[in-house]
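Those letters in the sequence shown? Residues 1 to 1160, by my numbering.
Just so you know, even glycine gets a beta-carbon here, dropped at the ideal spot from N, CA and C.
Here the structure is laid out as structure tokens; the discussion comes afterwards.
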Amino acid sequence: MRNSKSYKLVSKALISTMLASVVAAPFASLSLAETAISYKDLEGSYAQKEIVALTGAGILSGDGSGLFNPNEQMTRAQLAKVLVKAMNLPEESAPATFKDVPKDSWYNPYVGALVKKGITQGTSLETFSPDGQVSREQMAVFFIRALGIQDNAKKLAASPLPFTDAASISSWAKGEVALAFNIGLISGVQNSDNTISFSPSKPAERQALAKLTYQFVQNKADLVSKAEQVAPKEDKKDLTKPEPGKPVGETTTPSTPSTPSNSDPSSENNSASLTFSGNFSDRIPTRLVNTLNRTQEDFNGSLSEVSPAVDPILVALNNPGLYKLAAQSDSPDNLQLWAQDNTGNWFDINHLSTSMSSVTHSVYNNVYAVTDKPGTYNVTFKAYNLGGQLSKTESRALSFRSPKDPVKVKLLSFNDLHGQIDQSFSFKTVDVNGDGRYILNGVYGEMDYMAAYMKKRAAANPNTLLVHAGDAVGGSPLVSSMNKEEPTVMLMNSMGFDVGTVGNHEFDKGTTEMLRLINGGDASSKAIPDYMGMGFPLIAANVVDKTTGNPILPPYAIKSVGGVKIGFIGVVIQSAAGMILPSGIESIRFTDEAAAINKYVAELKKQGIRSIVVLAHMDATQDASGAVTGPAADLANKVDPEVDVILAGHNHKIVNGTVNGKLIFQGYEYGKAIGDIDLVIDPVTGDVIEKSAEVVLVDQAKIDPDPRIKAQLNRFNDTVVGLKTAKVGVAGIDMVGGYTVTSDNALGNLIADSMRVSMSTDFALMNGGGIRQNLSAGDITMGQLFTILPFNNFVVKLDITGEDLVAIINGQLSPNYAADFSISGFKYTWDVGSQSVTRITLPDGKPIDPKENYTIAVNNFMASSTGKSYLEIGKRGKNPFVGPVDSTALIDYVKSFNNEPISYVSEGRVTTTTSNMTPTVGSNVYVNSLPKDYVVRLYNNISDTKSNASATVPVSQFVTLPLDSAVTGPIAITVSTGATATEGYKYTVSLDTYQLNPNNVTFVSPTSAANFTVNGVQPGQVVRVYASPFDLAPISTLTVAGGQNSVSFTNLPVTGSTVYITLATHASSAEGQRTPAGYAASIQLNKYSNTLTAGGATFQLSVTGTIPANPINKTVTWESNNPAVATVDSSGVVTPISKGTAIIFVYVNGRFNYCTITVN
């Protein structure tokens, strides 16, 4: 007899990316009463009743000709519609990234609804495959997950099934198929010999979907109840899988039922860490070992591949429910050996006795030994399996300490690994911080070498914890990124990491994917088919749910080590929200870091915790004098004094200093270095009484790689070896990428060109932070290009105007970091002082028309980010069209060279001018056009580490800095946003290339540039005049006469209102930047934003000043970009029309500014 069968919505690739639960709310009650609806072809169908009922309910439909076609195969598009109708989901537009789901297709809103619900992410990043078939096992998995009982299914993955073809069921579907059978959702197909089969890969029919959908809607509650009876869900309150928002670790004082309370090692601090030989290398994370068989199968390899010397005693210490432990010793009668189980309770292994004492509970991960007669004693451990058989006997000489001796604890740390588990970095005498303290000369990095250094350091102190400060993953090379970042996590698990925090890059693929990476779940990784998640807590106190305000992760963790407790609190920089795709973090927000830390410090103090370490993914910088600045340093001044250490990250620096009594440490990047932090803790008070840190460079020449980690790394590498080594082109020279800062770079130019070509746009922009590696000369492999662009961002085409382009480029400039974007299709010069574009042209020098329409290519992160550098792109870009993944665009572009050597260089696409800086030897440096309260610092030489003068910008936006008469240059300035803000990029102002101040040019005629005087110059200096910024030869050249401080030009052969002037120290020296004399260098308005009421009062917008104060052409022109919202007349009067936003532009002699008007 044929019965209902099991099916699923998506393909195997899609199953891996589904959410753990796709049904968050009960389905709407649907009326499935049979109706008079009839189809001509239902005779003989086993699902006649269900088809008619579902048609009456509006869930199913025929082909419009009176036929239902029950035996036809179900397509993914048809299934999408049925599911949306059955689940009563609202229709949504499908993502534009699905190239095979047209906007006007009938199935677009159904696909969009499933994506919105989190049920599907497509069969790839760019496809949904609407015409693809759905197999029986796929259907089974989908409906189990739709019922929300996939956790129950996990328990049945190995259970037998009566199907004759059970062996052909895919491994990823076995648990769901088994559960579907056990709860009566499916029953298989009867064969002629009375056996039953399932045909898991056979395409599902439309009538089968009708049968299953009917059960799904009508019997949901009963099916869920049966699932709980057949296979109860795992307890989610295990300490190794903390609930969101709950702290990790012990929160109560341990006690033992069989001993007096004054013997409790936690309350009396009379415990010491047991010094195991090989403690580090043999640590096996609890969550990777549920049974002995699971240990042997881990990583799809043998037990020896996991750990060549697995120690059952250590497994017993790390894995509850696997072993029982017993111990005996030759120590004095007052010896105390304590262990802690997985509930947080302490158990006495051997107390006041030299005889064997079996532990009735399997122990978890801590053993301490103390005595009031410190010394070394022999202790014999015996491990028994759950069957009572003796598995291991071992005697070890252990050191015992007094309960009052200070406890030394070691923290081994990294930050900003970014999945660089297989990457080595070669350096030739590179000074990391520029102060001579950390010189790289050799090969550094790679996870197996990092593990070796950590193992060696851990061997010096059994009280060692492994921690990280965020960005462990994200922006990763091929081996980690192509395997969903799981290899990086698994290697950290194998190394025995204890706690970490999140950085901004943990959110690269969204909150849901981050939680999967933490908690485990199949993502179709080739490297790890049964991924179990992190074996350590990831903590974050300031990442909260927008609705509840509660942390989405545990805010802190408490770790017991050496008989003392340490509290760890995690935070990520609050501005992380602007660095992440908004669509991935819609449900969360980032709160103030200090406030979050202080809240949970108070909680820890209530629990008696006095040793507190903050894992802060926040910038820190240290200068040659040792002073630490940046957000992490600011944090040290804001948080509770009980905080002892701040482990920083985010800006990839080496920092080892103290602020406000708190040790601040950051250990560089990419596994090139680790931190070794030593703490001395008073066991009586619980306070840190000493602290110090050391930067340990991961120099491959000085250590052998850890063989266990190397073996695992090799296995992970094997999954992508074909992709990594495939040759796609040839690099003729080394090409450097990253941020442009003050000039374009070769690799950035190459990438930007590839984006522009892939979308056939006029322009392209690439953010510097998205370029993660440089490109070396030689063969270019696919693996190299994936490593350079690891984020898998899409290239997006946008419509903009020339005016928009200027605003976008200005938006990415900052005093701290200078310019960000690599560019293609145009070039520009920007002014260091005013932080704005002074000249922007096409590559051939022709000006870009502010009113002309253009197209531009960016990546989807840039197009949607709310970060300051990217905000203008999203505000101004129109009509987005999504193209290929950026790495694909780069690969195709490199291939287009047909193996001809590619030799991109810095070619002047981005240049700077210091036209607002006018140095005079023995006198002053003048800087104008800076915002009020910014701070400018002057360095007599760019290599100096201490500034020679500084000034705060007043209302006039003009500062004067005294210049030392003995200076030899090149002098430099930095700009920061305030007196305590991080000092910005150091800009060179060469003594050989002075710049003219436009305010020093006086014109005889207000309408012509033929006659003018240049003031404020020195005898012997040379002034040249050009008719345009592109002319090769000047139209006039004058040398300033002796004893004079000005030079006058008369009757020049020009008819326009502007000329371009350069200044040089003498006739043979280099010219400075061409200064446009006559232009308004900047325009000040009475207001830059205002809110008005539709139909209400008007607003007078006016120009309050220009620099220079007396431009040649004083004509003021006003324009609204949205007259339907607000208009502006020729005198600047703004009239509010209707609700919305309008930008009011003002133009003065070629320059513009604007005011944002919001109409309510």
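- No Cβ-Cβ contact shorter than 9 Å links His505 with Gly533.
- In this structure, Asn745 and Ser822 form a Cβ contact; the two beta carbons are roughly 7 Å apart against a cut-off of 8 Å.
- Contact annotation, Val544 with Arg589: C-beta distance approximately 6 Å; criterion of less than 8 Å satisfied.
- Classified as buried, Gln666 has 16 or more neighbouring CB atoms from the shown chains inside 10 Å of its CB.
- Assignment of Pro582 by DSSP, reduced to helix, strand and coil, places it in the helix class.
- If you compare the alpha carbons of Val837, Gln835, Asn853 and Lys827 with that of Lys846, the shortest gap goes to Lys827.
- Counting every other CB atom within 10 Å of its CB across the protein chains shown gives Trp106 a total below 16, marking it as exposed.
- The residue among Asp193, Thr127 and Leu79 with its C-alpha nearest the C-alpha of Gln207 is Leu79.
- The alpha-carbon of Ile771 is positioned some 30 Å away from that of Phe536.
- Taking the Cα of Thr1115 as reference, the smallest distance to any Cα among Lys606, Val1146 and Met862 is reached at Val1146.
- Under the criterion of beta carbons closer than 8 Å, Pro70 and Arg136 do not qualify as touching, at roughly 16 Å.
- Taking every protein chain shown into account, the CB of Ile902 has 16 or more other CB atoms within 10 angstroms, so this residue is buried.
- Distance from Asp619 to Asn651 at the Cβ level is roughly 4 Å; contact confirmed, criterion being Cβ atoms closer than 8 Å.
- Within 10 angstroms of the beta-carbon of Asp804 lie 16 or more other beta-carbons, which makes it buried.
- Glu50 is classed as buried because its beta carbon has at least 16 other beta carbons within 10 Å across all chains shown.
- Here Asp422 is buried: its Cβ has 16 or more other Cβ atoms, across all protein chains shown, within 10 Å.
- Contact between Gly500 and Ala472 holds, with the beta-carbon distance rounding to 6 Å and staying under 8 Å.
- Ile823 carries a strand assignment under DSSP once its states are collapsed to helix, strand and coil.
- Val736 carries a coil assignment under DSSP once its states are collapsed to helix, strand and coil.
- A residue is called buried when at least 16 other Cβ atoms come within 10 angstroms of its Cβ; Glu872 meets this threshold and is buried.
- Listed in chain order, the alpha helix (DSSP H) elements of length 4 or more contained wholly in the stretch 673 to 752 are 707 to 718 and 721 to 725.
- Under the three-state reduction of DSSP output, Ala807 falls in the helix class.
- With contact defined as three or more Cβ pairs closer than 8 Å, the stretch 156 to 173 and the stretch 130 to 147 are in contact.
- A distance below 9 Å separates the beta carbons of Phe794 and Val882.
- Between Asn1121 and Ala1142 the beta-carbon gap is near 6 Å, inside 8 Å, which marks them as a contact.
- Gly802 is not a Cβ neighbour of Gly578, given a cutoff of 9 Å.
- When beta bridges are read from the DSSP output, Asn1160 appears opposite no residue.
- Relative to the Cα of Tyr934, the nearest Cα in the group Gly978, Ile973 and Ile788 belongs to Gly978.
- In the three-state scheme derived from DSSP, where H, G and I count as helix and E and B as strand, Val757 is classed as helix.
- The straight-line gap separating the alpha-carbon atoms of Phe861 and Ile580 is approximately 7 Å.
- With contact defined as three or more Cβ pairs closer than 8 Å, the stretch 564 to 571 and the stretch 621 to 632 are not in contact.
- In the DSSP secondary-structure assignment, Asp431 is bridged to Ile439.
- In the DSSP assignment, Gly667 is bridged to Ile654.
- C-alpha of Tyr449 to C-alpha of Asn1090: approximately 58 Å in a straight line.
- In the three-state reduction of the DSSP assignment, Gly570 falls in the strand class, which pools E and B.
- As the crow flies, the alpha-carbon of His1066 is around 8 Å from that of Thr1039.
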